[in-house]
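Trainee:
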Amino acid sequence: MALKIYTKTGDKGQTSLIGGTRVPKSHVRIESYGTVDELNSWIGLIRDQAINKTYVETLLEVQDRLFTIGSSLASDPEKSKMKIPDLKEEDIVLLEKEIDKMNDVLQEMKSFVLPGGNTTVSYCHIARCVCRRAERNVILLSESSFVADLVIKYLNRLSDYLFVLSRKLSQDLSAQEIPWKARM
1 MALKIYTKTG DKGQTSLIGG TRVPKSHVRI ESYGTVDELN SWIGLIRDQA INKTYVETLL
61 EVQDRLFTIG SSLASDPEKS KMKIPDLKEE DIVLLEKEID KMNDVLQEMK SFVLPGGNTT
121 VSYCHIARCV CRRAERNVIL LSESSFVADL VIKYLNRLSD YLFVLSRKLS QDLSAQEIPW
181 KARM
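Counting with our numbering, you get residues 1 to 184 for the letters of the sequence shown.
Right, here's the structure in full:
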């Protein structure tokens, strides 16, 4: 018999963390890992586009790390005894190296750029915004509960990576990058 996808245990607005603690589905911890899950889906959409294989490989790594972050955030830090994967400093170094490689071949940015120019580029900008929201949620969570420092650092660097990837894909796809000119 196949495992049923529905358990009915959340029908009254509660869910369980790893460790068994029940919390409201509106809890900042749920919002945090839910936003990380949303981010992971957007990154999957970027990865499904016709882009360079190197970007696809990096995005697969990122998706794996986002599952790691989701596992960490879904655990009750006071009660869970389950061993979950951890982020490592080299995960952040990978993003920094990829950012630097792309930046080395991009024109210097002299102003903010308007998101858009190509559907794939737009997906990167959406993912960057979702990543920033995830980071804000995780920071809020860290004010009341333990969150590993590397989680916040990774999300911060990932949003930088997604921004630079959007610029690099603009270049690769010959999309117009439109600078923002403030109306004064």
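Note that CB positions come from ideal geometry on N, CA and C, so glycine has one too.
Nothing here was measured: the structure is a model prediction, and the numbers come from that model.
Here's a check: name, in chain order, each residue in its chain whose Cβ is nearer than 7 Å to the Cβ of L158, leaving out the five neighbours to either side.
Mentor: The count along the sequence shown starts at 1 and reaches residue 158 at position 158. Here the set comprises V62, L95 and C131.
Trainee: Helix, strand or coil, according to DSSP, for V105 in the structure here?
Mentor: Here residue 105 refers to the residue found at position 105 when the sequence shown is read from its first residue. It is coil, neither helix nor strand.
Trainee: Where in the region 63-144 do unbroken runs of the alpha helix (DSSP H), each at least 4 residues long, occur, reported from the N-terminal end onward?
Mentor: You should have 89-103 and 119-142.
Trainee: Determine the contact status of V23 and L141, defining contact as a CB-CB distance below 7 Å.
Mentor: As a working note, residue 23 is residue 23 in the sequence shown. As a working note, residue 141 is residue 141 in the sequence shown. Not a contact, by the Cβ cut-off of 7 Å.
Trainee: Would you call the CB atoms of R183 and T35 closer than 7 Å?
Mentor: Here residue 183 refers to the residue found at position 183 of the sequence shown. Here residue 35 refers to the residue found at position 35 of the sequence shown. Cβ atoms of R183 and T35: not closer than 7 Å.
Trainee: Do E98 and T58 count as a contact pair if the criterion is CB distance below 7 Å?
Mentor: Here the question's residue 58 lines up with position 58 in the sequence shown. Here the question's residue 98 lines up with position 98 in the sequence shown. Taking 7 Å as the Cβ cut-off, T58 and E98 qualify as a contacting pair.
Trainee: Based on Cα-Cα distance, which residue from S144, D37 and S122 lies nearest to L162?
Mentor: Position 162 of the sequence shown, counting from 1, holds the residue named residue 162. For L162, the nearest C-alpha among the options comes from S122.
Trainee: Does the Cβ-Cβ distance between Y154 and L87 come in under 7 Å?
Mentor: Residue mapping note: residue 154 aligns to position 154 of the sequence shown, counting from 1. Residue mapping note: residue 87 aligns to position 87 of the sequence shown, counting from 1. Closer than 7 Å, so yes.
Trainee: What's the gap between the Cα of D64 and the Cα of D91?
Mentor: Taking the sequence shown and counting its residues from 1, one reaches residue 64 at position 64. Taking the sequence shown and counting its residues from 1, one reaches residue 91 at position 91. Their backbone Cα atoms lie some 11 Å apart in a straight line.
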